[in-house]
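Numbering (this note's numbering), first residue to last: 686 to 978.
The beta-carbon is built from N, C-alpha and C at its ideal position, and this holds for glycine as well.
In this text the structure is predicted, and so the values were computed from the model without any measurement.
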Amino acid sequence: MIAQCTPIADKGIPRHGYMNGTLWVVATPIGNLGDLSPRALNTLRSVALIAAEDTRHTRHLLAHFGLATPLRAMHEHNEENVAAQLLKRLQAGEDIALVSDAGTPLISDPGYRLVRAARQAGLKVATLPGPSALIAALSVAGLASDRFVFEGFLPARQTARYERLASLAAETRTLIFYESSHRIRACLADAASIFGAEREATLARELTKLHETVLSMSLGELAARVAADDNQCRGELVLLVAGAKGGDEERKSCEGRRIFALLRRELPPGRAARLAAAISGAPRRILYEDAKE
Ligand code: SAM
C-alpha cells in the first residue's frame, strides 16, 4: 500500500495514495522571508488553495516568491463556516495549505477548528514545520529550556492580567508570553510586582528583523529599562520569565500574592493584604507593597 500523502523528499511535492486531499499546516517567516523553507515554498506553489488569516498579508509573501496560488480568508470570525467549505474541497481530492500572518498556524493564531474538523473527518493533516516566535525566543534567551510553559497573550484588562500572573507565580518552569507593544510596560510592572523584582527575565523583540533585540536582566531592571526607552516598546515582543526556584520562602510569597489577588476583588487592599499574609505566612511587607500600587 502506498503511504498516505508522503512528501517526495527531494522535491517536497505531496503525493497521494488515496482520493482525499491533504491539509498542509505551513509555517511562514516571523520577519525574515529567507526563513521560508524550500518544502513550504513548493507546497504553497502546488496546492489548489491557501487558507490565510489575512489574504493581503499572504499575497505579499506569495508575490515575493512569484506564486499565484488562489487564497481564501479564514480568521477567527469565519473559521467555522470556511472550515466546512474547505472540508468539502479536501474530500473532493484537493490539497489545501493553511497559513497565518506569521509563524506557525494555531499558535495564538486561527486554524484549530479546521484542523480538528479535518482530523475528525478522517482526512490527512500534515505539518510543514518552521518558525514560531516562542521557540525562536526561547532558543536565544539563556533561560532553562528543558521545561517551559507557553501562556500566549495575557488578558488585556489589568485586573484579569494581574490575576493570571498571580496564578503563575509559583510555576517552576520557564514562562513564555506574547505581548503587544502598547501593553508591555504595564505587563512588566505587574510581573515585577508579582514574581518579585529579582526574578530573571528576557524580552525578545523583532526577532529575525532589522531591529532584533534580546534583553536579559532581572524583571525590576527590565521594567525600568523599557519604561525609560521608547524603542524597547516598539514592534513584536516575546517576554520570558524564569521559573520560581521552589524554595519555602518563595513558595509562601507566591501563595500570598495569589491569595491577595483573589481577596482584592472583594476587600479593600489593606485588609486583603493582612488576610493574605495571615493565611499564607508570606511576609506582610511584600503584600503591603502590592497593596499600595
Ligand atoms: N503564530 C505565531 C508564531 O508561531 O509565533 C504567533 C502569532 S501571534 C498573533 C503574534 C505574536 O507573536 C506577536 O504579538 C509577538 O508577541 C509574537 N511575535 C511574532 N513575530 C515576532 C517577532 N519577529 N519577534 C518577536 N515576537 C514575535
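Which value, in whole angstroms, describes the spacing of the CA atoms of residue i and residue j?
i	j	result
Leu813	Tyr797	16 angstroms
Glu935	Phe833	19 angstroms
His760	Arg744	15 angstroms
Phe945	Gly905	21 angstroms
Arg774	Pro953	58 angstroms
Gly928	Leu947	22 angstroms
Arg956	Glu974	13 angstroms
Leu799	Glu951	41 angstroms
Lys894	Ala882	29 angstroms
Asp933	Asp831	23 angstroms
Ser866	Met704	46 angstroms
Gln770	Glu848	40 angstroms
Arg757	Ala821	28 angstroms
Arg846	Gly751	43 angstroms
Asn766	Ala829	41 angstroms
Leu772	Leu823	35 angstroms
Asp720	Phe835	23 angstroms
Leu747	Ala777	25 angstroms
Just to confirm before moving on: does the CB-CB distance between residue i and residue j stay below 8 angstroms?
i	j	result
Ala958	Arg969	yes
Leu860	Leu925	yes
Ala787	Ile715	yes
Glu738	Pro816	no
Ser903	Gly827	no
Ala672	Ala768	Because the chain spans 686 through 978 in this model, residue 672 falls outside it and cannot be assessed.
Cys872	Glu864	yes
Ile792	Leu708	no
Arg647	Thr754	No answer is possible for residue 647: it lies beyond the span of the chain, which begins at 686 and ends at 978.
Leu995	Ala963	In this structure the chain extends from 686 to 978, so residue 995 is not present and cannot be described.
When every heavy atom of the ligand SAM is checked, does at least one fall within less than 7 angstroms of the C-beta of residue i?
i	result
Leu922	yes
Arg868	no
Glu864	yes
Asp794	yes
Arg890	yes
Leu813	no
Ala737	no
Gly716	yes
Ser785	yes
Thr743	no
Leu819	yes
Gly719	no
Thr789	yes
Thr893	yes
Apart from the five residues just before and just after residue i, which ones in its own chain have a Cβ nearer than 7 angstroms to its Cβ?
i	result
Gly697	Residue placement at Gly697 is poorly supported in this model, since its pLDDT is 39, which falls under 50; the coordinates still yield a value, given next. Correct list, in chain order: Pro723, Arg724, Asn727, Thr728.
Ala694	Because the pLDDT at Ala694 is just 37, under 50, the model does not fix this residue reliably, and the value given afterwards should be weighed accordingly. If we look at Ala694 and ignore the five residues flanking it on each side, it has no Cβ neighbours.
Lys937	Ser965, Gly966, Ala967
Arg837	Looking at the sequence provided, one finds Gly at residue 837 rather than Arg. Correct list, in chain order: Ser793, Tyr863.
Cys939	Ala854, Ala855, Ala929
Ile869	Val911, Cys918, Leu922
His749	Leu718
Glu764	Pro795, Arg798, Leu799
Arg949	Ala957
Report all residues from its chain with a CB closer than 6 angstroms to the CB of residue i; omit the five preceding and five following residues, and keep chain order.
i	result
Ile879	Leu850, Ala851, Ala854, Arg942
Glu779	Gly706, Ala733
Leu783	Val710, Ala736, Pro790, Gly796
Gly931	Thr857
Val993	Only positions 686 to 978 of the chain appear in the structure, and residue 993 is not among them; the question remains open.
Ala908	Leu873, Ala874, Ala877
His742	Asp786
Determine, using beta carbons only, whether residue i comes closer than 8 angstroms to chain C.
i	result
Leu813	No chain C appears in this structure, which consists of one protein chain only.
Can you list, in chain order, the residues of its chain with a C-beta nearer than 8 angstroms to that of residue i? Leave out the 5 residues immediately preceding and following it.
i	result
Gly920	Ser866, Arg890, Glu891, Lys894, His896
At a cut of 8 angstroms, does the stretch 886 to 902 reach the stretch 915 to 925 through at least three beta carbon pairs? Contact between the stretch 886 to 902 and the stretch 915 to 925 is present: three or more C-beta pairs spanning the two stretches fall below 8 angstroms.
Three-pair Cβ contact test at 8 angstroms for the stretch 842 to 857 versus the stretch 798 to 813: No, the stretch 842 to 857 does not touch the stretch 798 to 813.
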